[in-house]
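Peer 1: Quick one: this structure, given as structure tokens, is what I'll be asking you about.
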Amino acid sequence: TTPMIKRDGQWQAANWDEALALVADKFKAIAEEKSKQLIAEAETAEAEVTESEANADEEGESAEAVNTEMAALVSVNATLEEQYLTQKLFRALGSGNVDHRLRQSDFSDQDAAPVMPWLGQSIEQLEKLDAALLIGSNVRKEQPIANLRLRKAVVNNGAKVSFVNSRAYDFNYPVANNIVVAQQNMLAELAAIAAASFQLSGCSAPSNISAAVSNATVNDSHKAIAQQLNEAESATVLLGNAVHMYPELSALRVLAEAIAKETGSVFGYLTDGCNAAGAWLAGAVPHRGAAGATEDVLVGKNVAEIIDSASDEKLAACLLLNVEPDTDAVNANALMATLNDAAFVVSVSSYNSASIKQVADVMLPAASFLESSGTYVNVEGFWQSFKGVVEPKGGSRPAWKILRVLGNLTEANGFDYLSSEDVKAEVRSQCESIELSNVVDSSIAVEVNAVSGIHRSSDVPMYATDSVVRRASSLQSTVDAQSMCVRLNAAEADRLGISSATSVTVKQGDNSMSLDLVIDDTIPDASAWIPSAVEGNDRLGAAFAEVSIEGAGV
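One rule links them: number in my numbering = place in the sequence shown (from 1) + 49.
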């Protein structure tokens, strides 16, 4: 609960004035250097350099540009106020590299994404449904309240609830159709359901999905799902948590929205974390400002681009807002490498961890949500504000106050807030005219290609979702807690010749890891299930990728 500064590789306690001044001075110096470079580049572009002058310039060596790339990675569980102030601070410093979508890997259709992904209906409406299709969702463990509403719909209304998943999850109500395939084959399943939906509507598929739909192999389950949605008086198609992690998110989103449209169903999202909606509204994305604004907004790189570009231009500075990099990203291995190479990393967090201590240069202790005030925006779009119930522990401070002071110290405009209510009011005023809609205005061409080999699949276990539950020893003692292991079905293990092994070596790209083998017939063929967000997760790579598996012991 005391600010810490890493000096010569050793952590030392510091007072708040010292720590904040260090961070602000560093950020400000980088921003000023970037401004100088932009001015110099503009002047160079305008100047007409003759060939003789260019040759003369070759006689002397040009100064190497100082690295000025900055980024801020924001927790999906941070408050609206914290998310807003982070993006406001970094854009004031000249960087639009701000993102909260650490568990997302496909950003190709981000410009077509809604201003805020939401349920598309009230939570209460879920129990009034006659039919539903959930894609990439373990709703019973990920959104228990929504699952309760769906269970009521099944028990009381006889609703037909169907799933398309990359693992056979256990639900506490009868499931009408349960399609379970390896993640790399889910696109083909959705294309088939879409094909059945267009057959019922008699309409032609849009050009960007027509090939995928016309080439789909439609079976009775696909037809049944489309028929149930089409005949229902009230129906919905929902994208679950796991879909946002998939490498084919954009294509899956386009197909899911097409199914909803053709069957007259409501299209919606079950989102990750407690404030994904708030992060979008706060502008904690690189391509939009608060309230989804696109005009006069400093655009930056998404988290995948930040990681990719860091291999050529290492980050000069990065701020982590309540982020634990070894567990909170879809590719924790790549994120840890990026942060390890960064020149200056600041962690503003309620918790420290081995990974934060490894990558950070300054740790600023933030009050937990119980010790601070703020706002979360739920999946319906309701703003839910709260106040701290206890005083911050030790020397920790509310994160919004830390960010406000950094704004003041870096001389950014508009950081004279007296309370978190002032911050919320500023965001609220910008959101007054927005209209929520999940319509996918995307021209992404959907291609369904045959994929060979075994691919890693994953989800985030319910007691590994954030820094709070990961530290709850009682929750970690339950059956829902998971540790690093690889799960294969019995037939797949037989094909690989490892059915009698107790541990195996999993190779993913340039990384490899010895893991316990668990035979689990909820896992489909061609799939190796390895959980995300648990200890050791950062030693492999992306949560969804091709892997090879060899026996390591019997």
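A virtual CB, placed ideally from N, CA and C, is assigned to each residue, including glycine. From a predicted model like this one, the values you see are computed outputs, not experimental measurements.
DSSP three-state label for residue 204, please.
Peer 2: Reduced to three states, the DSSP call for residue 204 is helix.
Peer 1: So what does residue 54 bridge to, in DSSP terms?
Peer 2: For residue 54, which the question treats as bridged, DSSP gives the partners 61 and 411.
Peer 1: With a threshold of 16 other CB atoms inside 10 Å of the CB of residue 567, please say whether the residue is buried or exposed.
Peer 2: Burial call: exposed.
Peer 1: For residue 50, I'd like the list of residues in its chain whose CB is within less than 6 angstroms of its CB, leaving aside the five on either flank, ordered along the chain.
Peer 2: So the qualifying residues of the chain are 414, 442, 443, 444 and 445.
Peer 1: Thinking C-beta only, is residue 359 closer than 9 angstroms to residue 393?
Peer 2: Cβ atoms of residue 393 and residue 359: not closer than 9 angstroms.
Peer 1: Would you list, in sequence order, the uninterrupted alpha helix (DSSP H) runs of no fewer than 4 residues that lie entirely inside the stretch 422-475?
Peer 2: You should have 448-458.
Peer 1: What are the start and end residues of each continuous beta strand (DSSP E) run of 3 or more residues lying completely inside the stretch 494-529, in chain order?
Peer 2: Segments of the beta strand (DSSP E) lying fully in the stretch 494-529: 503-506.
Peer 1: Whole-angstrom Cβ separation of residue 419 and residue 397, contact assumed at under 8 angstroms?
Peer 2: Not confirmed; about 17 angstroms, so no contact.
Peer 1: If I measure Cβ to Cβ from residue 342 and keep anything under 8 angstroms in the same chain, skipping five residues before and after, which residues do I get?
Peer 2: Answer for residue 342: 332 and 479, listed in chain order.
Peer 1: Looking at the unbroken beta strand (DSSP E) that takes in residue 543, where does it start and where does it end?
Peer 2: It is not in any beta strand (DSSP E) - residue 543 instead sits in the alpha helix (DSSP H) that spans 539-545.
Peer 1: Pick from 553, 318, 503 and 376: whose alpha carbon is nearest that of residue 182?
Peer 2: It is 318 whose Cα lies nearest to the Cα of residue 182.
Peer 1: Let me know if residue 69 comes out buried or exposed under the rule of 16 or more other beta-carbons within 10 Å of its beta-carbon.
Peer 2: Burial call: buried.
Peer 1: Please give the ranges of any alpha helix (DSSP H) in the stretch 259-305, keeping only runs that are unbroken, at least 4 residues long and fully inside the region.
Peer 2: DSSP runs (the alpha helix (DSSP H)) wholly in the stretch 259-305: 269-280.
Peer 1: Unbroken beta strand (DSSP E) runs of length 3 or more, entirely within the stretch 305-369: which are they?
Peer 2: Whole beta strand (DSSP E) segments, 3+ residues: 315-318.
Peer 1: Please check the pair residue 584 and residue 533, which I expect to be a contact at CB under 8 angstroms, by giving their CB distance rounded to whole angstroms.
Peer 2: Indeed they touch by this definition, with Cβ atoms about 7 angstroms apart.
Peer 1: For the alpha helix (DSSP H) that residue 221 lies in, which residues bound it at each end?
Peer 2: Per DSSP, residue 221 belongs to no alpha helix (DSSP H) and is neither H nor E.
Peer 1: Report the option in 277, 254, 149 and 565 whose CA atom is closest to the CA atom of residue 307.
Peer 2: Looking at the Cα atoms, 254 is the closest of the given residues.
Peer 1: Note down the Cα distance separating residue 288 from residue 210, rounded to an integer number of angstroms.
Peer 2: Looking at the two C-alpha atoms, the distance is approximately 14 angstroms.
Peer 1: Taking the beta strand (DSSP E) that residue 228 belongs to, which residues open and close that run?
Peer 2: Here the beta strand (DSSP E) through residue 228 covers 226-229.
Peer 1: Give me the Cα-Cα distance between residue 215 and residue 292, rounded to the nearest whole angstrom.
Peer 2: Rounded to the nearest angstrom, the two C-alpha atoms are 10 angstroms apart.
Peer 1: Give the DSSP-derived three-state secondary structure of residue 132 in the structure shown.
Peer 2: The answer is helix: DSSP assigns residue 132 an H, G or I state.
Peer 1: Whole angstroms is fine: what's the gap from residue 202's alpha carbon to residue 450's?
Peer 2: In a straight line, the C-alpha of residue 202 is about 44 angstroms away from that of residue 450.
Peer 1: Under 8 angstroms: do the stretch 516-533 and the stretch 241-261 share three or more Cβ pairs, one atom per stretch?
Peer 2: As far as the Cβ criterion goes, the stretch 516-533 does not touch the stretch 241-261, which means the pair count is below three.
Peer 1: May I ask you to list the residues that DSSP assigns as paired with residue 386?
Peer 2: According to DSSP, residue 386 bridges with nothing at all.
Peer 1: For residue 179, name the three-state secondary structure that DSSP assigns.
Peer 2: It is coil, neither helix nor strand.
Peer 1: Counting pairs of Cβ atoms below 8 angstroms between the stretch 53-72 and the stretch 404-411, do you hit three or more?
Peer 2: Contact holds: three or more Cβ-Cβ distances are below 8 angstroms.
Peer 1: How should residue 166 be labelled, buried or exposed, when 16 other C-beta atoms within 10 angstroms of its C-beta is the threshold for buried?
Peer 2: Burial call: buried.
Peer 1: Relative to the alpha-carbon of residue 127, which residue among 477, 471 and 423 has its alpha-carbon at the smallest distance?
Peer 2: That would be 423, whose Cα lies nearest to the Cα of residue 127.
Peer 1: My assumption, with CB atoms under 8 angstroms, is that residue 421 sits in contact with residue 447. Please give the rounded CB distance.
Peer 2: Contact flag correct, Cβ pair sits at about 4 angstroms.
Peer 1: Where does residue 235 sit, in a helix, a strand or coil, going by DSSP?
Peer 2: Here residue 235 sits in helix by DSSP.
Peer 1: To which residues of the same chain is residue 169 closer than 6 angstroms at the C-beta, ignoring the five residues directly before and after it?
Peer 2: The answer, listed in chain order, is 315, 316, 317 and 487.
Peer 1: Using the beta-carbon count (16 or more within 10 Å), is residue 563 buried or exposed?
Peer 2: The residue is exposed, with fewer than 16 neighbouring Cβ atoms inside 10 Å.
Peer 1: Note down the Cα distance separating residue 311 from residue 247, rounded to an integer number of angstroms.
Peer 2: Those two C-alpha atoms are separated by around 6 angstroms.
Peer 1: In the structure shown, what three-state DSSP assignment does residue 598 receive?
Peer 2: Residue state, collapsed to three classes: strand.
Peer 1: What first and last residue would you give for the alpha helix (DSSP H) that runs through residue 555?
Peer 2: Unbroken run through residue 555 is the beta strand (DSSP E), 552-557; no alpha helix (DSSP H).
Peer 1: Do residue 372 and residue 151 have their C-beta atoms closer together than 9 angstroms?
Peer 2: In this structure, residue 151 lies closer than 9 angstroms to residue 372 by Cβ.
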